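Structure, as structure tokens:
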Amino acid sequence: MPDLPTPQNAAEAALFSECWDAVLSYADLCTSGSAAATQLATEAFTHGIHEARSTTARTKNTGRRNPQLPRIPLLLNSVRTTAAAWEAHGQGHRLDPDLRLWLNSEKAARYTGPPLHRPVALRGLKDLQEPDAALLWLVEVEALPLPAVARRLGLDPVAAAEELGQVRTLFRDRCHRNHLDTPMDADCRSYARLLDAVTRSPGAETPEDLSRHLARCVECAEAAACLRLHGGGLPAALAGGVIGWGGLAYLERRRRAAEAGLSGGRTDAAADTGLAEIKEAAPRIGRTGLLVAAVIVSGLALTVSLMPFGTGDDRGVSARGNAADRRPVADPAVSSPAATTRVEGSLVSPGPVATGVDTGSKSDPEPQGTPSSPARATSKAPGSKGSKGSKGSTKPSGSTEEPASCEVKYAVVDQWTDGFQASVTVTSAKALDSWRIGWAFDDGQRVTQMWDGTVAQDGSRVTADAKDYNKSVAAGGSFAVGFLGTWHDGNTSPDAFTLNGGRCTTAH
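Residue numbers for the sequence shown follow the working numbering, beginning at 20 and rising by one.
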């Protein structure tokens, strides 16, 4: 199974994130299991991105426009062609049985046969300029809110509705022209003008003879669905005509995703790049957050209650006291877990935990109410248990420990309500014949699907074993796994990474 393409820049990375969700959704419809769906989506995504890049390169070199679908329908077409290749090369048993029947019928041949015989919706969408085609697809099929689509494509949100109306009319004109260019018999040709007139007017009734003809002729019925902009049939005409098999089921999935606020309904689009930014959704406050907040509030209350209110001399003596005596009973810096810090999707471990005794010998102790410095936040007072770190060792600073032979980078590719997509990239200093990596989640996250590795999870501990095709790793080489997961109370980065039982450092 090929690796997913590496984004060439930030804008392409954001686009990949949006497209992957759609590709995986359609691949799941086309296959008989989640593992097969992930493999089909990965292969189709790889082939489709390479095709899009080569078409863009040809356009830049020649200066001539190459008719091309927007990225999402282009990749969905790649899923269909990859599924056809599976069927042709003996992997058809991994596909949905109904899809296999469709792939071996004349309906599938229309998508690979002569261009003039292909569905009118597919030809009409390809004839539009790519920004116009993207606007139409994102609103009608992906069911994204119009203001979000406008920001993503760099349009004026106020004028977006008018722009969409113009694009719909332009799409209708392209479909009408393509319908007239299609080789058809005399009976279909005689109804072409009447079909155009009837579908233009919302209140026009379909004559009985035309209605009977549309019930018998697939090509004319498809054209009628594309030409009739009123009545709400345009999304189904687009999905069925462009995707082919499973188009209506895919359309229903995207609408449900948008209604549930999942990836199909995100509105955090960026106007500067015309694409949705990859942002982490604001985590919900869980039990741990509430507990920490309660401790902090309690500490502040105790600090105020213990403040001296005597004479000026008493205040002077108090000011000269040890800094530890003036620290709140529940120091927020000590109570708060100091596990890890996220820097642009990477996991950064805290520094070594100091084990010395705080003698309070500083000449200028911290005043009350001043946040503790990072060094004080990680220090341990006599008799204390130490601050909670990222499950690191609590050995004295003078002890020696075998250096890690691997480095891990954890990245959240995308996140939505109760779900996320992430990757784990491991660089090994030693050559490996096989590998097993592990980590621990702190917020109860669960891995639901994984590619490029075989996953197992026991409570918070996750392990991933190598596949047959990626077992061997050269010294200094890297490998990676990607996965989908669910989260509820929070989605902090995991820790305690291991490779074949040995600890790993985390990339800065």
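Even for Gly, the Cβ is constructed at its ideal location relative to N, Cα and C.
These numbers come from a predicted model, not from an experiment.
Sorting ALA128, ARG113, ASP192, VAL168 by C-alpha distance to the C-alpha of LEU144 places ASP192 at the top. Three or more Cβ pairs closer than 8 Å define a contact, and the stretch 193–202 falls short of that threshold against the stretch 224–237. In this model, VAL42 and VAL492 are separated by some 29 Å (Cα to Cα). In this structure, DSSP gives GLU159 a helical state, which the three-state scheme calls helix. The shortest C-alpha to C-alpha distance from THR482 to any of LEU518, ALA63, ALA450 is the one to LEU518. In this structure ALA485 is not in contact with TRP458, their Cβ atoms being roughly 16 Å apart against a cut-off of 8 Å. In this structure GLN434 touches ASN510 by the C-beta definition: roughly 6 Å separates them, less than 8 Å. Within the same chain, ALA244, GLY266, LEU267, LEU270 come within 8 Å of ALA255 by CB-CB distance, once the 5 residues on both sides are set aside.
Note that the C-beta distance between GLU241 and GLY222 is not below 7 Å. Nearest to ALA140 by alpha-carbon distance, out of GLU125, ALA515, TRP156, PRO150, is TRP156.
Annotation: the continuous alpha helix (DSSP H) that includes PHE190 extends over 179–200. Sequence-distant partners of HIS249 (beyond 5 residues in either direction) whose C-beta falls short of 7 Å from its own C-beta, in its chain, are PRO221.
For the pair SER97 and GLY132, the CB atoms are not nearer than the 7 Å cut-off. An exposed status is given to VAL177, since fewer than 16 other beta-carbon atoms sit within 10 Å of its beta-carbon.
Exposure of HIS507 is indicated by the presence of fewer than 16 other C-beta atoms within 10 angstroms of its C-beta. Between LEU257 and VAL160, the CB-CB gap stays under 7 Å. Membership of CYS523 in any alpha helix (DSSP H) is not indicated, and neither H nor E is assigned to it by DSSP. Cβ-Cβ separation between THR50 and LEU59: approximately 6 Å, consistent with a contact (criterion under 8 Å). For the options TRP39, ASP462, ASP487, ASN489, the alpha carbon positioned closest to that of SER479 is the one of ASP462.
The criterion of a C-beta distance shorter than 7 Å is satisfied by PHE498 and VAL445.
Listed in chain order, the non-local C-beta contacts of THR524 below 6 Å within the same chain comprise ALA423, GLU426, local neighbours out to five positions each way being set aside. Using a Cβ distance threshold of 7 Å, SER44 and ARG247 do not count as a contacting pair.
Burial state of HIS232 is buried, judged by a 10 Å Cβ sphere holding 16 or more other Cβ atoms.
Annotation for TRP506: no beta strand (DSSP E) segment contains it, and DSSP assigns it neither H nor E. In this structure, DSSP gives ALA448 a state outside helix and strand, which the three-state scheme calls coil. Non-local beta-carbon contacts of VAL466 in its own chain, meaning distances under 7 Å to residues more than five positions away in sequence, involve VAL474, GLN476, VAL481, PHE502, GLY504 in chain order.
Counting along the chain, GLU426 sits inside the beta strand (DSSP E) bounded by residues 425–435.
The Cβ atoms of GLN468 and SER53 sit closer than 7 Å to each other. Take TRP105, set aside five residues on each side of it, and the residues of its chain with a beta-carbon closer than 8 Å to its own are LEU59, GLY111, ARG113, LEU114, in chain order.
For THR473, the three-state secondary structure derived from DSSP is strand.
The DSSP-derived three-state label of ALA485 is coil. If you draw a straight line from the Cα of ASP204 to the Cα of ARG212, it is about 14 Å long. When only Cα atoms are considered, GLU278 and GLY109 end up about 38 Å apart. Only residues of its own chain outside the window of five on either side were considered, and among them LEU172 have a CB closer than 7 Å to the CB of PRO150, listed in chain order.
For ALA450, the closest alpha carbon among the candidates LYS490, ASP437, ALA430, LYS428 is that of LYS490.
Per DSSP, THR517 lies in no alpha helix (DSSP H) segment; the continuous beta strand (DSSP E) that holds it begins and ends at 514–518.
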